[in-house]
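**Q**
Protein chains in written order, with this note's numbering: chain A, 72 to 788; chain B, 3 to 524.
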């Protein structure tokens, strides 16, 4: 069960022709797929397209009605390989994943798919995780399009444009027998907007139809000699077909006056930011009516030579707005102008930064600088020579005050105690080389844990320590991999590799029952029953099947002492070969989402329910915050006491505590202090509970009164 | 109303109707910023505006800082081109769901004096970096308040988290209320309430929090200039109410009389200290406390504002109330504690409370609770100590709602009567006298230095290893005294060293500072 439910929103997917659709970008893309008569969809979750997968999962009834096959693929490579269904059959298919990380994984399948080409439209929707909020290395998907020669669409970021891009993408794919990538940026995926819907289409040929009438064409298979022909076909047939389509269908758009001494060329996704900059420079109105000629590339690969050259006609200078680097588009355009012998000056990264996100300020500065240099006459006087505004507020001091707030483990996260235990083991046995992996557990890199030296890709944590396997070593390496990464790639690339190469390191598999970081999607080892998927396949068995001999399973990660003991044993045992610890506890975010309504209902219904919560005795806490250096839980914080005798704030647990147990276990395992207590409230206690409580409180009260009658009691103590 | 102060106007000819209103919401992951953005979009659409909201959902949602961004313009039938993220100097309304996020917004340039209405909840969610310092690592809220006053066109700040919590809902409701109350958007209160109602879940508490915050914001908006909330100043508390047996009360009165005879500036601290030590041990212990304090008062005078004596009153009390097993057991078995836990946890009538305590005694704590002779005997025999430690050193989860668990702690708490004869007491008294004597010895030479030495007691805190580390920091700070001999700024240096010691766990900053001191040269 995914973290966010789209059960209500997916009803919008049923909208018919002429009705207005209102909602998020990803939902619009899904609707567009159905309107295009897609036959099958697959993908792998990850921001910013996680919700696209969640929408599809929640829309399975609607997909079923239309005869559309949906798969939550094992990886991006799987999702792309799935598009093989469009090689011989005229079925439209779509795959979706996060880019560039997903595209990296997919590139093997992508290259093969691109070589043989497709018959049915094959659309790859990549969620471009670039710029603010991104969690991955900053690269471009553009290079993948170029190297495999698949076409890349980058539509303007509004719902009608991205819906149209889906439609265009399928057609483009079919006319050019080439897979098409559709790039949507992170904010575009979550943009809330409107478009006019069309009717959903049943796929003209379903996957079931294809299975009952199999086809093959050796000309489409990547094997010599066909593969040599594919390369030639790409440039001789498919490329011109694509260029023709883009030109004739006017996929790229122009705005503003037909003539002008300067112009701006941009990726479609940059359009709104360019307009905003022009608005702020006084050169465009609210609706995008502008005085500057604009050439918007909704298709960024391939580029259309004569379209571009026509745009440059009569212009002295043209600015290319191309986010990311290298500046492939700018280079290509420069070559076009040069070869055509044109005098138009092409500029781009001179005015805009070579690297980094093109934010509003960057755009304003860059476009302003371009216009000042090449068309100052266009600019209003106050922009050309602005009155000096107030210096603004000096924020230098504030920068030192405001603390950074990187993402971290949630309240009650079962991964926190794993890293608390690791930190404690390191205090005993010294520092170790620790490799991290992709997933929530990567937050161990941050304070308060400060654990982990590298991250090399999804499921590749243990693979990334494979060099550290030396008979001379006095210490073992430790590597982490999550259950998501484990099933994605880790089982073979990390575990299999460690077994085969007799790696002596310690591998911790963090099993939280979901692909949690991407939004709590189910995976093979999920404990939940899933209506359409096969779950409950234990990681232990998979690991054993790989040939692992030393295996420990911790079935409650909150037992810090046990976790610590397992790590200690793994690091010190005489046994050779990989030492695997599977640490399992359910992702708290998902567990709360699942259990909270049930618990509330049970309490209301009069059932006996025990609800735990932690607390701190503030007069016992000395305010040294050792507990927080082993926690970082948002619920465990500091609070000032109204007592001049005490200088430092004490620990305090807020109402959001879910009673996971980490505080108590850590205080115990690390021998911290006795100020934590766990309070279990028994709702709707039974008769025996109440009897016991009565007897106990009477006896305890007796002792309390006895002592308190013999000492002074301060009312506010 | 909104865009007029912008230096760069939209294209000439665009009517005011087409003005784009830009709203950024800065929140901490998990605060419900998405709900707020949805509500604002809904309100806009209800009022005949076209609106667009965006966010960056992803791992950043997990407790990290996040931004939601909304643009809206009056619906003229044509679709405006909206941006997808906020730009510096181009935000009309900035809503921060936590005070430091408001600070972050100012740093990022999203708040400008010409046009931005800054609405922020004044409550704090401490970041990890603020929590892990052994001292007080919290950022200065004051600084954000003062900068915000200057940075924003209008600044509306109050504790919206509390309003939300009081009404049993999330902060998104009170933030929306503050937005409505600010009148920064040309929409009526009713349309906001309709948007909340349309959400369908938890409508009643949300409306209550919305209303309270709306009224509060209106009040602030009406009062010009100082819109920021001043944190309540902790007033001096009335004398503590004391109850107990007659004889003890008489003893207490005598002690209280001695405090009353102390110089006025010192009395408050001395009374608090006295109360603490009497509560910790007994009346006689209170007498010892005042005897010790008198030694400082004798060396002090009014010209110095009795700084030395005040420091002595504070830190003597803390030093005398060292954290031993007896104290912990005593505190955990009091009836007041039971009441407090019930209140904190919110135990309702008819529910049963079970309380589990986490103890992890080691041989050190065990010996400390033995009579001096026996305790020292064991400690001086490592093999025996190790043997016993193997039996003692283990985590013990004790249920204080059960009779046996409670009685066990009650018994340990009762050892208070014999505390003076126990090993830990001897160790603590020796340490106290050494420190106190050292400090008072410096008074004739350097009054400020003596006071700072007293203040170093702040370093000693924690239990077991943490306590040992704290002791070591304390010793390391005072180890600088010979190096600082005869320097006018010796007190300053000791203060700096102490502050450095409170910065990190192991005292790395302190070691760095000590190296600097070593290079000072006499």
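Heads up, the beta-carbon is just placed ideally off N, CA and C, and yes, glycines get one too.
(1) Residue 720 of chain A CB to nearest chain B CB: under 8 Å?
(2) Would a check of beta-carbon distances place residue 729 of chain A closer than 8 Å to chain B?
(3) Near residue 669 of chain A, which residues of its chain fall below 8 Å by C-beta distance, leaving aside the five closest residues on each side in sequence?
(4) Going along chain A, which residues have a C-beta under 7 Å from residue 193 of chain B?
(5) Check whether chain A comes within 8 Å of residue 181 of chain B, counting only Cβ atoms and requiring the distance to be less than that.
(6) Between residue 320 of chain B and chain A, is any beta-carbon pair separated by less than 8 Å?
(7) When you compare only the Cα positions, how much space is there between residue 39 of chain B and residue 127 of chain A?
(8) Beta strand (DSSP E) containing residue 258 of chain B: first to last residue?
(9) Taking only three categories from DSSP, how would you classify residue 24 of chain B?
(10) Please look up how many angstroms separate the CB atoms of residue 65 of chain B and residue 35 of chain B, rounded, as I've assumed it's under 8 Å.
(11) Would you list the one or two residues that DSSP bridges to residue 518 of chain A?
(12) Using DSSP with H/G/I as helix, E/B as strand and the rest coil, what is residue 128 of chain A?
(13) So, using beta-carbon positions, are residue 219 of chain A and residue 199 of chain A closer together than 8 Å?
(14) How long is the line joining the alpha carbons of residue 268 of chain A and residue 88 of chain A, rounded to whole angstroms?
(15) Going by CA-CA distance only, name the one from B:207, B:183 and B:458 that's closest to residue 221 of chain B.
(16) Can you tell me the Cα-Cα spacing of residue 144 of chain A and residue 347 of chain A, whole angstroms?
(17) Going along chain A, which residues have a C-beta under 7 Å from residue 445 of chain B?
(18) Of the residues B:453, B:95 and B:212, which one's Cα is nearest the Cα of residue 496 of chain B?
(19) Say whether the stretch 713-727 of chain A touches the stretch 644-651 of chain A, bearing in mind that this needs 3 or more beta-carbon pairs closer than 8 Å, one atom from each stretch.
(20) Would you say the stretch 476-483 of chain B touches the stretch 506-521 of chain B, given that touching needs at least three Cβ pairs under 8 Å?
(21) Under 8 Å, Cβ to Cβ, is there at least one residue of chain A near residue 490 of chain B?
(22) For residue 334 of chain B and chain A, any beta-carbon pair shorter than 8 Å?
(23) Sorted by chain position, which residues of the same chain lie with C-beta nearer than 6 Å to residue 73 of chain B's C-beta, five sequence neighbours on each side aside?
(24) Apart from the five residues just before and just after residue 233 of chain B, which ones in its own chain have a Cβ nearer than 6 Å to its Cβ?
(25) If you measure from the beta carbon of residue 220 of chain B to each beta carbon in chain A, is any gap under 8 Å?
(26) Return the residues of the stretch 620-634 of chain A that lie within a Cβ-Cβ distance of less than 7 Å from chain E, sorted by chain order.
(27) Hey, how far is the Cα of residue 398 of chain B from the Cα of residue 745 of chain A?
(28) At the 8 Å Cβ level, is residue 267 of chain B part of the contact set with chain A, yes or no?
(29) Relative to the C-alpha of residue 171 of chain A, which candidate in A:206, A:158 and A:280 has its C-alpha closest?
(30) Whole angstroms are fine: how far does the CA of residue 151 of chain A sit from the CA of residue 20 of chain B?
(31) Taking the alpha carbon of residue 154 of chain B as the reference point, which residue from B:186, B:171 and B:125 has its own alpha carbon closest?
(32) Which chain A residues are close to residue 57 of chain B, counting only those with a beta carbon under 7 Å from its beta carbon?
(33) Look at residue 654 of chain A and residue 628 of chain A and say whether their C-beta atoms are less than 8 Å apart.
(34) Could you check what DSSP says for residue 7 of chain B in three-state terms: helix, strand or coil?
(35) Let me know if residue 227 of chain B comes out buried or exposed under the rule of 16 or more other beta-carbons within 10 Å of its beta-carbon.
(36) Who does residue 754 of chain A pair with in a DSSP beta bridge?
**A** On the basis of the coordinates in this document:
(1) yes
(2) no
(3) none
(4) Correct list: empty, because the minimum Cβ distance to chain A is about 17 Å.
(5) no
(6) yes
(7) 24 Å
(8) That residue, residue 258 of chain B, is in no beta strand (DSSP E); its alpha helix (DSSP H) goes 248-262.
(9) strand
(10) Wrong, their Cβ atoms sit about 13 Å apart, outside the cutoff.
(11) Paired residues: none, contrary to the question.
(12) helix
(13) no
(14) 5 Å
(15) B:183
(16) 39 Å
(17) Result: empty, since nearest Cβ-Cβ is about 22 Å, beyond 7 Å.
(18) B:453
(19) no
(20) yes
(21) no
(22) yes
(23) 22, 24, 54 and 84
(24) Residue placement at residue 233 of chain B is poorly supported in this model, since its pLDDT is 44, which falls under 50; the coordinates still yield a value, given next. Excluding sequence neighbours, residue 233 of chain B sits near nothing in its chain.
(25) no
(26) Among the protein chains of the structure shown, namely A and B, there is no chain E.
(27) 10 Å
(28) no
(29) A:206
(30) 45 Å
(31) B:186
(32) 261
(33) yes
(34) Any reading at residue 7 of chain B must be qualified, since the residue scores a pLDDT of 38, below 50, and its modelled position is unreliable; the value itself is stated next. It is coil, neither helix nor strand.
(35) Only weak support exists for where residue 227 of chain B lies, its pLDDT of 42 falling under 50; the value from the coordinates is given anyway. Counting Cβ neighbours within 10 Å, residue 227 of chain B comes out exposed, since fewer than 16 surround it.
(36) A:680
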